[in-house]
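Q: Below: one structure in structure tokens.
Numbering (UniProt numbering), first residue to last: 1 to 240.
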């Protein structure tokens with residue numbers, strides 16, 4: 001029973017207090033840097049999405065001047081209102097989420113934990129000049145500082161931990177297959193970038209497809225609206 005429990009426990013927990021703390025400091029610093037990167041990307045994508053949506057509102061307003069089809073014009077007006085709402089909502093969410101400040105805080109936390117990690121590494125390298133009691137006290141002091149940092153800063157999300165594991169797939173406690181790494185990165189891409197990228201790139205694809213449809217086939221207004229709705233729903237389910 002004990003052998004099974006030991007074998008199922010993470011390897012770093014079976015190598016002593018200092019080794020366990022060594023892994024915790026190393027992994028936490030990397031995960032906090034991953035969280036900082038995720039929030040930077042979300043901040044950049046949010047700003048880009050607002051800029052793109054603003055451009056689409058202006059572009060659609062100009063296009064509507066040259067469209068004589070009332071049904072199509074009404075549909076484009078709805079799309080225009082949709083993008084105006086997106087701009088308002090994303091702006092509010094961006095302000096509330098404060099991605100930029102949180103990213104800086106995660107990066108700051110990662111740097112501080114990384115310094116503790118370096119301090120512990122130096123201590124382990126020079127421990128030959130210390131007795132066991134003094135070495136344990138110094139390790140405990142580093143552990144206490146580590147706990148204080150965790151208390152003072154926001155915790156990362158599960159996807160940050162998974163991205164950390166995907167960055168070191170062959171580590172003894174990770175053991176991720178290439179398929180696992182791909183699945184994690186795909187999940188990360190969808191959660192962080194999916195919504196923003198769909199709103200940035202779907203409208204021009206739809207408008208370009210609509211232009212080709214109009215030029216080549218010259219459909220009736222009814223067929224045009226059916227084509228637009230089919231395109232919208234097929235792209236929506238594709239992103240979902």
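Using N, Cα and C, we set each Cβ at its ideal position, and we do this for glycine too. Keep in mind it's a predicted model, so treat the numbers as computed, not measured.
#1: Distance check for residue 191 and residue 157, CA to CA, integer angstroms please.
#2: Assuming residue 176 is part of the alpha helix (DSSP H), what are its boundary residues?
#3: Give a yes or no on contact between the stretch 105–119 and the stretch 141–159, applying the rule of three or more CB pairs nearer than 8 angstroms.
#4: Is it the case that the Cβ atoms of residue 87 and residue 76 are separated by a distance below 9 angstroms?
#5: Tell me which residues share the same chain as residue 16 and place their Cβ nearer than 7 angstroms to its Cβ, disregarding the 5 neighbours each side in the sequence.
#6: Is it the case that the Cβ atoms of residue 110 and residue 33 are separated by a distance below 9 angstroms?
#7: Less than 9 angstroms separating the beta-carbons of residue 91 and residue 50?
#8: With distances taken from CA atoms, which of 163, 201 and 132 is nearest residue 187?
#9: Taking C-alpha atoms, which residue in 172, 85 and 93 lies nearest to residue 23?
#10: Do residue 179 and residue 45 have their C-beta atoms closer together than 9 angstroms?
#11: Is residue 30 buried or exposed, if buried means 16 or more other CB atoms sit within 10 Å of its CB?
#12: Out of 121, 54, 161 and 18, which has the shortest C-alpha to C-alpha gap to residue 36?
#13: Between residue 26 and the rest of its own chain, which residues show a CB-CB distance below 6 angstroms, the 5 nearest in sequence each way excluded?
#14: According to the Cβ coordinates, are residue 54 and residue 199 closer than 9 angstroms?
#15: So for residue 146, helix, strand or coil by DSSP?
#16: At what residues does the alpha helix (DSSP H) containing residue 160 begin and finish?
#17: Can you list, in chain order, the residues of its chain whose CB lies under 6 angstroms from that of residue 39, leaving out five sequence neighbours each side?
A: By the coordinates alone:
#1: Rounded to whole angstroms, residue 157 to residue 191 spans 12 angstroms at the Cα level.
#2: Neither: residue 176 is in no alpha helix (DSSP H) and is coded neither H nor E.
#3: yes
#4: Annotated as distal: residue 87 and residue 76, with beta-carbon spacing of 9 angstroms or more.
#5: none
#6: Cβ distance < 9 angstroms, so residue 110 and residue 33 count as in contact.
#7: yes
#8: Per the Cα distances, 163.
#9: 172
#10: no
#11: By the 10 Å Cβ count, residue 30 comes out buried.
#12: 161
#13: 117
#14: The beta carbons of residue 54 and residue 199 sit no closer together than 9 angstroms.
#15: helix
#16: Judged by DSSP secondary structure, residue 160 falls within the alpha helix (DSSP H) whose first and last residues are 158–167.
#17: 99, 102 and 103
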